[in-house]
Amino acid sequence: MAIRRPSAHAIERYRSALLLSAPALVGLAIFWYWPTIQAVILGFQDYNLMSGSHAWTGFENYQTAATDPLLRLTFLNTVIYFLMEVPLQMALALALALLVQRGPAWLRTIILVPTVTSMVVVSVIWGLMYHPNSGLINSLLAGVGVPPQPFLTSAQQAMPSIALLMIWKNVGFSMLFFLAGLVSIPRNYYEAAATDGANSRQLLRYVTLPLLRGTVVFLLITNTVTAFKVFTPIFLITEGGPINATRVVVLYIFENAFRFNKMGYAAAISVLLALFLLIISVYSLRASRAR
0 MAIRRPSAHA IERYRSALLL SAPALVGLAI FWYWPTIQAV ILGFQDYNLM SGSHAWTGFE
60 NYQTAATDPL LRLTFLNTVI YFLMEVPLQM ALALALALLV QRGPAWLRTI ILVPTVTSMV
120 VVSVIWGLMY HPNSGLINSL LAGVGVPPQP FLTSAQQAMP SIALLMIWKN VGFSMLFFLA
180 GLVSIPRNYY EAAATDGANS RQLLRYVTLP LLRGTVVFLL ITNTVTAFKV FTPIFLITEG
240 GPINATRVVV LYIFENAFRF NKMGYAAAIS VLLALFLLII SVYSLRASRA R
């Protein structure tokens, strides 16, 4: 049986596709694949950033991570932050998407402004708003007779305050995807359900939410990864305080790498965090497909 060779047109299309995708592939190799490989290698070394010396230590960094009480604390803090921020943010984003679906474009733009604003700018502004004496929020509370609140200096209020900041920052991103999901739902589904006597609550429960499952899974994975990588507002506003109440995993990685000069240990924690997020993402996708 003769082997069918690809036509000249097919070969030309393949070459064009390869040429067009080459810049993206080169960018991935330089800015993603190579740093990832370097991080994995560093995780097995005792690397001194100042002198450039490095010694192979095997699994010593990972053994240290397994018994590090501060790493366990930072991971717990990150989980607490995730539980405070992601569920409420996604629920609020869905509510806003339903609200502005047929609303004016300027309203959507206003909600999206925080999303496209620099995280540094947002952190500085909210840090000023949370100020115990001259901050906007405490000034408003004083107007209704509520005493000043230690938003950033109380171990009980610091993490919720950071979570509130990030909800305000990220809700527009999730709302945008929920809007896209709502637009993609055929109108005849709603018309058929309404003909059968379904009210607005039943339409939401039995039509909208099931058909938004793919969007929900995508946003859950995306927001989970974002939540476990939270760094900028904590670094700029609380620096992990008070009493380690807001010290999260990525901040701990930064401190080990650039303050304690433990680049190898920081790389090992980064690899563990990446593996954890990969497992969560794969599990979420499989659970969604199983349904």
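Going by numbering that gives the first Met the number 0, the sequence shown opens with residue 0, and the numbers climb by one from there. Heads up, the beta-carbon is just placed ideally off N, CA and C, and yes, glycines get one too.
{"Query": "Between the Cα of Met158 and those of Arg288, Leu271 and Glu84, spot the shortest distance and give me the residue it belongs to.", "Result": "Glu84"}
{"Query": "Taking the beta carbon of Thr66 as the centre, do at least 16 other beta carbons fall within 10 Å, making it buried, or is it exposed?", "Result": "exposed"}
{"Query": "How many Å lie between Tyr341 and Met89 at the Cα?", "Result": "Residue 341 cannot be examined here, being either before or after the span of the chain that is shown, 0 to 290."}
{"Query": "Tell me the DSSP secondary structure of Thr44 in three-state form.", "Result": "Sequence inspection shows Gln at residue 44; the Thr mentioned does not correspond to that position. Gln44: strand per DSSP, three-state reduction."}
{"Query": "Please return the same chain residues whose Cβ sits closer than 6 Å to the Cβ of Thr73, not counting the five positions on each side in sequence.", "Result": "Arg246, Val247, Val248 and Tyr251"}
{"Query": "Could you pull out every residue in the same chain whose Cβ sits closer than 6 Å to the Cβ of Leu164, ignoring the five residues on either side in sequence?", "Result": "Trp125 and Pro232"}
{"Query": "I need the DSSP call for Ala244, collapsed to helix, strand or coil.", "Result": "coil"}
{"Query": "Please report the residue range of the alpha helix (DSSP H) in which Ala226 lies.", "Result": "Arg212 to Phe227"}
{"Query": "Tell me which same chain residues have a C-beta within less than 8 Å of the C-beta of Tyr188, skipping the five on either side of it?", "Result": "Val206 and Leu210"}
{"Query": "Can you find the residues in the same chain that come closer than 7 Å, C-beta to C-beta, to Ala267, ignoring five residues on each side of it along the sequence?", "Result": "Gly42, Asn60, Tyr61 and Ala64"}
{"Query": "Can you tell me which of the three DSSP states Ala162 falls into?", "Result": "helix"}
{"Query": "Tell me whether Ala197 sits in a helix, a strand or coil according to DSSP, three-state version.", "Result": "coil"}
{"Query": "Where do the ends of the alpha helix (DSSP H) carrying Ala54 lie?", "Result": "From DSSP, Ala54 is part of no alpha helix (DSSP H) but of the beta strand (DSSP E) over His53 to Trp55."}
{"Query": "What would DSSP say about Ser20, mapped onto helix, strand or coil?", "Result": "helix"}
{"Query": "For Leu70, which residues of its own chain have a beta-carbon under 8 Å away from its beta-carbon, when the five flanking residues on both sides are left out?", "Result": "Ala64, Val248, Tyr251 and Ile268"}
{"Query": "Between Leu106 and Val99, is the Cβ-Cβ spacing less than 8 Å?", "Result": "yes"}
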